[in-house]
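Participant: This note's numbering puts the first residue of the sequence shown at 3, with every later residue one more than the last. Beta carbons: idealized from backbone N, C-alpha and C, even for Gly.
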Amino acid sequence: MAGFQHSIRKEVSIAGVGLHTGLDCTATFKPADVNTGIRFVRTDLEDFPPVLANIDHVVDISRGTTIAQNGHQVHTVEHILAAVSGLGIDNLLIELSAKEPPVMDGSAKPFVEVLLQAGLAEQSAERKVLVIDKTVSYSDPGKNIDMHVLPSEAFRITFMMDYHHLTRNGTQTMSVYSMEEDFVKRIAPARTFCLFSEVEQLKDQDLAKGGSLENALVFVDRPIAPGEIEHLKQIFNIKGEVAPGDDGILKGQKLRFENEAVRHKILDLIGDLALLGMPIQGHVVATRSGHA
3 MAGFQHSIRK EVSIAGVGLH TGLDCTATFK PADVNTGIRF VRTDLEDFPP
53 VLANIDHVVD ISRGTTIAQN GHQVHTVEHI LAAVSGLGID NLLIELSAKE
103 PPVMDGSAKP FVEVLLQAGL AEQSAERKVL VIDKTVSYSD PGKNIDMHVL
153 PSEAFRITFM MDYHHLTRNG TQTMSVYSME EDFVKRIAPA RTFCLFSEVE
203 QLKDQDLAKG GSLENALVFV DRPIAPGEIE HLKQIFNIKG EVAPGDDGIL
253 KGQKLRFENE AVRHKILDLI GDLALLGMPI QGHVVATRSG HA
């Protein structure tokens, strides 16, 4: 599984707004030397401080994964890291003109597309791989979370999500057995989502400032009162009709996959696991887990 390290062939950029901060941000991807790892660079700050994508730098996981180095933070890194990891890129500089990467359409697909435009470049050094030789387990009974990592000949993920209070598709399970075959078409396009009951809470927490019905699915988990619809339209500056749709999401939104929610959970997990700094040879089995 090891093989050689990879970077990209040329510089490419992508721009949009941050999901939670709502700040305009341009992300510029640049080739990096072997053993550099994935490094964010805050070009909006003096001296352009780097922030290495590493698990030791995680400082918050409440509604996304935030990392920091020497006090300089980068918010909501999981989507962009999922794209990088899913394509097998080991070394990369990601310059950001703000503290949060652009959310784009809420998936990893736009990042995948621009990185493929840059082209992948094999490098001279071999990849370091985290080989799982015995089962590792974690449980949080209070949150009903279980995670297990089992020995495997390749990197695999099985994820089970259970939102029993949803009217449709509340329980979803999916397995990914080959990143090379599955990630680009089956995982990367899956968009981020929230529950209707969470929208007000997110706004009260000063989050989701860049959220819209164009970059986030909203699953309807309870009846919606007429007054709430008008309030939702104000929050997201929606001009058209808002009502529950046929797929358990708001009317006007369309699922890319029937089980898009669990696919996005897998996407987030791939991005978070990228913070280990090397690919995993093992089978990750996650039940009802989040960024924790």
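Please list, in chain order, all residues of the same chain as Ser199 whose beta carbon is under 7 Å from its beta carbon, the five residues on each side excluded.
Facilitator: Contacts found: Asp223 and Arg224.
Participant: Need the endpoints of the alpha helix (DSSP H) that Pro228 sits in, please.
Facilitator: Where Pro228 is concerned, the enclosing alpha helix (DSSP H) stretches over Pro228 to Phe238.
Participant: From the DSSP output, read off the bridge partner residues of Phe42.
Facilitator: Phe42 pairs with Val53 and Ile96.
Participant: When DSSP builds the beta bridges, which residues end up paired with Ile10?
Facilitator: Bridge partners of Ile10: Leu122.
Participant: Once you ignore the five residues that flank Lys130 on each side, which residues in its own chain have a CB closer than 7 Å to its CB?
Facilitator: Within the same chain, Lys130 has close Cβ partners Met280.
Participant: Would you kindly work out how many angstroms separate the C-alpha atoms of Asp135 and Val151, rounded to a whole number?
Facilitator: Each residue's Cα considered, the two are about 10 Å apart.
Participant: Determine the contact status of Leu83 and Ile40, defining contact as a CB-CB distance below 8 Å.
Facilitator: Contact: yes.
Participant: Determine the extent of the beta strand (DSSP E) in which Met176 is found, giving its start and end residues.
Facilitator: Note, Met176: beta strand (DSSP E), Thr173 to Val178.
Participant: Contact check, Leu275 vs Ile268 under 8 Å by CB: the rounded distance?
Facilitator: Not a contact, Cβ separation roughly 10 Å.
Participant: To the nearest whole angstrom, what separates the beta carbons of Asn217 and Met106, a pair I think is in contact under 8 Å?
Facilitator: Asn217 to Met106, Cβ: 7 Å. Contact.
Participant: From Lys253 to Pro246, what distance separates their C-alpha atoms?
Facilitator: C-alpha separation (whole angstroms): 5 Å.
Participant: Check this for me: beta carbons of Gly242 and Phe221, under 8 Å apart or not?
Facilitator: Going by C-beta atoms, Gly242 is not nearer than 8 Å to Phe221.
Participant: Which stretch, first to last residue, makes up the alpha helix (DSSP H) that contains Asp184?
Facilitator: Taken as a continuous stretch (DSSP letters only), the alpha helix (DSSP H) holding Asp184 covers Met181 to Asp184.
Participant: CA-CA distance, Lys256 and Gly73?
Facilitator: If you take the alpha carbons of Lys256 and Gly73, they lie about 40 Å apart.
Participant: Within 8 Å, do at least three Cβ pairs link the segment 197-215 to the segment 18-30?
Facilitator: Yes, the segment 18-30 touches the segment 197-215.
Participant: Is there contact here, the segment 194-208 with the segment 6-14, by at least three beta-carbon pairs under 8 Å?
Facilitator: Too few Cβ pairs lie closer than 8 Å, so no.
Participant: Would Pro33 and Phe42 qualify as a contact pair, given that the criterion is a beta-carbon distance under 8 Å?
Facilitator: Their beta carbons are not under 8 Å apart, which means Pro33 does not touch Phe42 by this criterion.
Participant: Let me know the secondary structure DSSP gives Ala84 once reduced to three states.
Facilitator: Three-state DSSP puts Ala84 in a helix.
Participant: How about Phe31 and Leu98: do their beta carbons lie closer than 8 Å?
Facilitator: Contact: no.
Participant: Starting from Ala4, trace the alpha helix (DSSP H) in both directions and tell me its first and last residue.
Facilitator: First-last for Ala4: undefined, no H or E at that position.
Participant: Go to Asp249, then tell me how far its alpha helix (DSSP H) extends in each direction, as first and last residue.
Facilitator: Here Asp249 belongs to no alpha helix (DSSP H), and DSSP marks it neither H nor E.
Participant: For Gly66, count neighbouring C-beta atoms within 10 Å of its own C-beta (all shown protein chains included) and say buried if the count is 16 or more, exposed if not.
Facilitator: Classification for Gly66: buried.
Participant: Using only alpha-carbon positions, find the residue among Gln71, Glu48, Glu80 and Leu47 that is nearest to Ile63.
Facilitator: Closest option to Ile63, Cα to Cα, is Glu80.
Participant: Could you give the DSSP three-state label for Val36: helix, strand or coil?
Facilitator: Correct three-state label for Val36: coil.
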